[in-house]
Amino acid sequence: GAGVSQSPRYKVAKRGQDVALRCDPISGHVSLFWYQQALGQGPEFLTYFQNEAQLDKSGLPSDRFFAERPEGSVSTLKIQRTQQEDSAVYLCASSFWRDEQYFGPGTRLTVT
Amino acid sequence: SQKIEQNSEALNIQEGKTATLTCNYTNYSPAYLQWYRQDPGRGPVFLLLIRENEKEKRKERLKVTFDTTLKQSLFHITASQPADSATYLCALGGDSSYKLIFGSGTRLLVRP
Numbered sequence: 003g004a005g006v007s008q009s010p011r012y013k014v015a016k017r018g019q020d021v022a023l024r025c026d027p028i029s030g031h032v033s034l035f036w037y038q039q040a041l042g043q044g045p046e047f048l049t050y051f052q053n054e055a056q057l058d059k060s061g062l063p064s065d066r067f068f069a070e071r072p073e074g075s076v077s078t079l080k081i082q083r084t085q086q087e088d089s090a091v092y093l094c095a096s097s098f099w100r101d102e103q104y105f106g107p108g109t110r111l112t113v114t
Numbered sequence: 052s053q054k055i056e057q058n059s060e061a062l063n064i065q066e067g068k069t070a071t072l073t074c075n076y077t078n079y080s081p082a083y084l085q086w087y088r089q090d091p092g093r094g095p096v097f098l099l100l101i102r103e104n105e106k107e108k109r110k111e112r113l114k115v116t117f118d119t120t121l122k123q124s125l126f127h128i129t130a131s132q133p134a135d136s137a138t139y140l141c142a143l144g145g146d147s148s149y150k151l152i153f154g155s156g157t158r159l160l161v162r163p
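Residue numbers (this note's numbering), protein chains in the order written: chain A, 3 to 114; chain H, 52 to 163.
As structure tokens, then:
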């Protein structure tokens, strides 16, 4: 079956622009996670959804970051007024419950 | 604060040898520990999960140990192959939390 997909794979934004990153999780997976990964580092937790409910957004770096999963499947991570420090790979992962996570390929965001 | 340490320097070994990667942690009592593999430009791929009450787990050429007293996990790849070359990430999780806390990863290079 299809794995987790993310789009776009690459995004270049000028500082101050808004961006929206999409994640299509594996069908039937209850849990959805967003992570931020800097070069040479491990993924850092941003936010967690259980179905459509956002249960934890403690990892979001600022109020410029917003995530939603309105129907409990597809999720969107939005970053407003992008800054250079937002440049990173954004990973989405889904899981059936609290077990192994299946990651998408990531979206590489570059803010110029 | 919680801290996870993995060898920051790359591990360079000869094909056929056993690779051993280390994951140490402090200020945390995880209920389980997971190991992931990550190739350049791709998302992490789940390999193994070991729970706090398990000492060792095996899967094909992979073996993971978990010592909650030493606060350490060892990840072994026996009969290593060049195709095993990748970055390996350890991640800790708790029963009361769905979050995974990742280490920064260790890069493994297997020479033919």
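Quick reminder that beta carbons are idealized off the backbone N, C-alpha and C, glycines included.
Keep in mind that this is a model prediction, so the values were computed, not measured.
Cross-chain neighbours of residue i in chain H, by beta carbon under 9 Å
{"i": "Phe105 (chain A)", "result": "Tyr87, Gln89, Arg93, Gly94, Pro95, Val96 and Phe97"}
Anticipated Cβ contact below 8 Å, residue i with residue j, distance rounded
{"i": "Ser96 (chain A)", "j": "Leu34 (chain A)", "result": "5 Å"}
{"i": "Val14 (chain A)", "j": "Thr114 (chain A)", "result": "6 Å"}
{"i": "Leu164 (chain H)", "j": "Leu143 (chain H)", "result": "Here chain H comprises residues numbered 52 to 163, so residue 164 (chain H) is not present and cannot be evaluated."}
{"i": "Gln57 (chain H)", "j": "Ser155 (chain H)", "result": "6 Å"}
{"i": "Pro45 (chain A)", "j": "Phe153 (chain H)", "result": "5 Å"}
{"i": "Tyr139 (chain H)", "j": "Thr116 (chain H)", "result": "The pair is not a contact, with the Cβ atoms about 14 Å apart (cut-off 8 Å)."}
{"i": "Lys54 (chain H)", "j": "Tyr76 (chain H)", "result": "7 Å"}
Alpha carbon of residue i to alpha carbon of residue j, nearest angstrom
{"i": "Leu41 (chain A)", "j": "Gly108 (chain A)", "result": "13 Å"}
{"i": "Asn78 (chain H)", "j": "Arg102 (chain H)", "result": "18 Å"}
{"i": "Val96 (chain H)", "j": "Ser148 (chain H)", "result": "21 Å"}
{"i": "Ala69 (chain A)", "j": "Tyr37 (chain A)", "result": "12 Å"}
{"i": "Ser89 (chain A)", "j": "Ser7 (chain A)", "result": "20 Å"}
{"i": "Thr71 (chain H)", "j": "Asp26 (chain A)", "result": "35 Å"}
{"i": "Ser59 (chain H)", "j": "Cys74 (chain H)", "result": "11 Å"}
{"i": "Lys59 (chain A)", "j": "Thr49 (chain A)", "result": "4 Å"}
{"i": "Leu99 (chain H)", "j": "Pro10 (chain A)", "result": "29 Å"}
{"i": "Arg112 (chain H)", "j": "Gly67 (chain H)", "result": "11 Å"}
{"i": "Lys16 (chain A)", "j": "Glu107 (chain H)", "result": "49 Å"}
{"i": "Gln19 (chain A)", "j": "Phe98 (chain A)", "result": "34 Å"}
{"i": "Arg109 (chain H)", "j": "Asp65 (chain A)", "result": "43 Å"}
{"i": "Lys80 (chain A)", "j": "Phe67 (chain A)", "result": "6 Å"}
{"i": "Tyr92 (chain A)", "j": "Arg83 (chain A)", "result": "17 Å"}
{"i": "Thr112 (chain A)", "j": "Gln86 (chain A)", "result": "8 Å"}
{"i": "Ala137 (chain H)", "j": "Leu62 (chain H)", "result": "10 Å"}
{"i": "Leu159 (chain H)", "j": "Gln103 (chain A)", "result": "22 Å"}
{"i": "Glu54 (chain A)", "j": "Thr129 (chain H)", "result": "42 Å"}
{"i": "Thr119 (chain H)", "j": "Ser80 (chain H)", "result": "8 Å"}
Outcome for residue i when other beta-carbon atoms lying within 10 angstroms are tallied against a minimum of 16
{"i": "Asp146 (chain H)", "result": "exposed"}
{"i": "Phe51 (chain A)", "result": "buried"}
{"i": "Pro72 (chain A)", "result": "exposed"}
{"i": "Ser77 (chain A)", "result": "buried"}
{"i": "Gln65 (chain H)", "result": "exposed"}
{"i": "Pro163 (chain H)", "result": "exposed"}
{"i": "Gly30 (chain A)", "result": "exposed"}
{"i": "Gly106 (chain A)", "result": "buried"}
{"i": "Gly94 (chain H)", "result": "buried"}
Listed by chain order, chain A residues near residue i by CB distance under 9 Å
{"i": "Tyr149 (chain H)", "result": "Ser33, Phe35, Tyr50, Gln52, Leu57, Asp58, Ser97, Trp99 and Arg100"}
{"i": "Leu100 (chain H)", "result": "Asp101 and Glu102"}
{"i": "Ser52 (chain H)", "result": "By Cβ distance, chain A contributes nothing, its closest Cβ being about 13 Å from Ser52 (chain H), past 9 Å."}
{"i": "Ser155 (chain H)", "result": "Gly42, Gln43 and Gly44"}
Where residue i meets chain H, residues with beta-carbon distance less than 7 Å
{"i": "Gly108 (chain A)", "result": "Gly94"}
Under 8 Å by beta carbon: chain A residues contacting residue i
{"i": "Thr80 (chain H)", "result": "Reading off the sequence, residue 80 (chain H) comes out as Ser, not Thr. Within chain A, no residue comes near Ser80 (chain H); the closest Cβ sits about 16 Å away, beyond 8 Å."}
{"i": "Phe117 (chain H)", "result": "Per Cβ cutoff of 8 Å: no residues; Phe117 (chain H) is ~16 Å from chain A at best."}
{"i": "Leu113 (chain H)", "result": "Near Leu113 (chain H) there are no residues of chain A at all, since even the closest Cβ is about 14 Å away, more than 8 Å."}
Quiz item: Mind listing which residues of the segment 39–64 of chain A have their C-beta closer than 9 Å to chain H's C-betas, in chain order?
Solution: Gln39, Gly42, Gln43, Gly44, Pro45, Glu46, Phe47, Tyr50, Gln52, Leu57, Asp58, Ser60 and Gly61
Quiz item: Just by C-beta distance, which residues in the segment 83–94 of chain A are closer than 7 Å to chain H?
Solution: Leu93
Quiz item: Residues in the segment 127–142 of chain H with C-beta within 7 Å of chain A's C-beta atoms, listed in sequence order?
Solution: Leu140
Quiz item: Which of the residues in the segment 63–78 of chain H, read from start to end, lie with their CB under 7 Å from any CB of chain A?
Solution: none
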